[in-house]
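Notes follow the structure.
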Amino acid sequence: MSWMSQYQNTSSRFKLNCTKEEAITILRASFKAVVQMRGNKPEITPEIEKIIVEIASIMTSEHRKFGLMLSGQCGNGKSTMAKAVSNTIRILSLAKRYDNPNLNVLTISAKEIARMSKEETKRISNRILLSIDDFGNEPAEIQAYGNIWNPLVDLLEYRYDYQLFTIITTNLTPPQISEKYGMRITDRFREMLNIIVFKGKSFRK
-19 MSWMSQYQNT
-9 SSRFKLNCTK
1 EEAITILRAS
11 FKAVVQMRGN
21 KPEITPEIEK
31 IIVEIASIMT
41 SEHRKFGLML
51 SGQCGNGKST
61 MAKAVSNTIR
71 ILSLAKRYDN
81 PNLNVLTISA
91 KEIARMSKEE
101 TKRISNRILL
111 SIDDFGNEPA
121 EIQAYGNIWN
131 PLVDLLEYRY
141 DYQLFTIITT
151 NLTPPQISEK
161 YGMRITDRFR
171 EMLNIIVFKG
181 KSFRK
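Be aware that the sequence shown starts at -19, since it is given in the numbering used here, and climbs by one per residue.
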């Protein structure tokens, strides 16, 4: 497969090419592995287990939405879960569950996107699978050559239009997102993203 296989070339919505039960098993193992890699003790709390089951159900079904928003306070597992989802996709790709054996999720922080040029932003906008970490932790507007633009909003509008699978982690609530980015992007999120709220305690010491 060429590098272009990582970019949008189909109108079909992405889903995990496995059963719900397989997805639960792989997600659970991936979550534990990410926690362990960070030097922490793997712990699957009842809330995390519930979220794993919910994500597995969403991502193995023909769902009208085409992404995930993992929201909640700092340190309660959102970024770890996003990484676990990415690893699950990679595992299934390596197991040849997809036509593209090199399928993977590009993970990038909102701050990194805000620092990109328009050309770079356009390039990643077209990825089949994209995970944006810490949405809301970047300036909403960027000034470049005297012009004001909204890189995250432009990127997400594009992904909405082409129904490209997107994972977002954020500490912001829906009202805070509306206040920072406007109602239009909030409405887009409601249409494109399954919103999963992490309510548990922080895992950070």
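Ideal Cβ positions, reconstructed from N, Cα and C, are used throughout, including at glycine.
- Nearest to Thr5 by alpha-carbon distance, out of Ser37, Arg(-7), Met17, Lys21, is Ser37.
- Within the DSSP bridge table, the entry for Met49 names Ile148, Ile175 as partners.
- Excluding its 5 nearest sequence neighbours in each direction, Asn174 has C-beta neighbours in its own chain below 6 Å: Ile38, Lys45, Leu48, listed in chain order.
- Spanning the alpha carbons of Glu99 and Ala3 requires a straight line of approximately 36 Å.
- Below 8 Å, too few C-beta pairs join the segment 21 to 36 and the segment 144 to 161 to call them touching: fewer than three.
- Setting aside the 5 residues that flank it on each side, Thr40 is surrounded in the same chain by Lys(-5), Leu(-4), Cys(-2), Thr(-1), Lys0, Ala3, each with a C-beta closer than 7 Å to its C-beta; the list follows chain order.
- Shown here, Leu110 sits in a strand according to DSSP, grouped into three states.
- In this structure, the beta-carbon distance from Ser105 to Tyr138 falls below 8 Å.
- In this structure, Val65 and Ile31 do not form a Cβ contact; the two beta carbons are roughly 11 Å apart against a cut-off of 8 Å.
- Contact between Lys179 and Gly52 is confirmed by a C-beta separation of about 6 Å, below the 8 Å threshold.
- About 7 Å separates the beta carbons of Leu86 and Leu109, which is inside the 8 Å limit, making them a contact pair.
- Distance between Asn80 and Ile69, taken at the CA atoms: about 11 Å.
- A distance below 7 Å between beta-carbons, with the five flanking residues on each side excluded, links Val33 to the following residues of its chain, in chain order: Ile4.
- Taking all protein chains shown into account, Lys76 has fewer than 16 neighbouring C-beta atoms within 10 Å of its C-beta and is therefore exposed.
- Bounds of the alpha helix (DSSP H) holding Ile4 are 0 to 17.
- The beta-carbon separation of Leu132 and Ile176, rounded to 20 Å, does not stay under the 8 Å limit for a contact.
- A direct Cα-to-Cα measurement between Arg168 and Met17 gives close to 34 Å.
- Of Met172, Pro154, Asn117, Tyr161, the smallest CA-CA separation from Tyr140 is found for Met172.
- Non-local beta-carbon contacts of Ser158 in its own chain, meaning distances under 7 Å to residues more than five positions away in sequence, involve Thr166 in chain order.
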